[in-house]
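Count the sequence shown with the numbering used here and you get residues 1 to 67, in order.
Built from N, CA and C at the ideal position, the CB exists for glycine as well.
Right, one structure below, let's go through it.
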Amino acid sequence: MEDERINIFVIKHKQALDNHLCPECGMIMQEAQRSDESGFVFVWWECPRDNCWGQWLEKKASVMSVA
Ligand SMILES: [Zn+2]
C-alpha cells in the first residue's frame with residue numbers, strides 16, 4: 001500500500017515537470033538559464049512568483065544519436 005501511494009506521487013510530480021509547472025504552487029515556470037554540455041541540455045527553471053522558491057534543473061539529451 002505504501003508503494004502505491006509513492007508511485008502516485010511520483011507520477012503526479014513527473015506530470016508537473018513535463019508541463020513545466022511549479023511543484024510548489026502550480027505556476028508556469030520560467031526558463032532562467034540554459035547550458036549545453038557534452039550532448040546534454042541543462043535547463044534551470046524558476047517559479048516567477050514572488051514568495052515561492054520552486055525551482056529545478058532539467059537535464060535532457062540535446063541530440064538523439066543512434067549508433
Ligand atoms: Zn511556485
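Relative to ligand 1, is the shortest distance from any of its heavy atoms to the C-beta of glutamate 46 smaller than 6 angstroms? no
Note down the Cα distance separating arginine 34 from cysteine 47, rounded to an integer number of angstroms.
-> 15 angstroms
For glutamate 58, is the beta carbon positioned less than 6 angstroms from some heavy atom of ligand 1?
no
- For aspartate 50, does the three-state DSSP call read helix, strand or coil? coil
* To do: May I have the straight-line CA-CA distance separating serine 62 from tryptophan 56, to the nearest angstrom?
  => 18 angstroms
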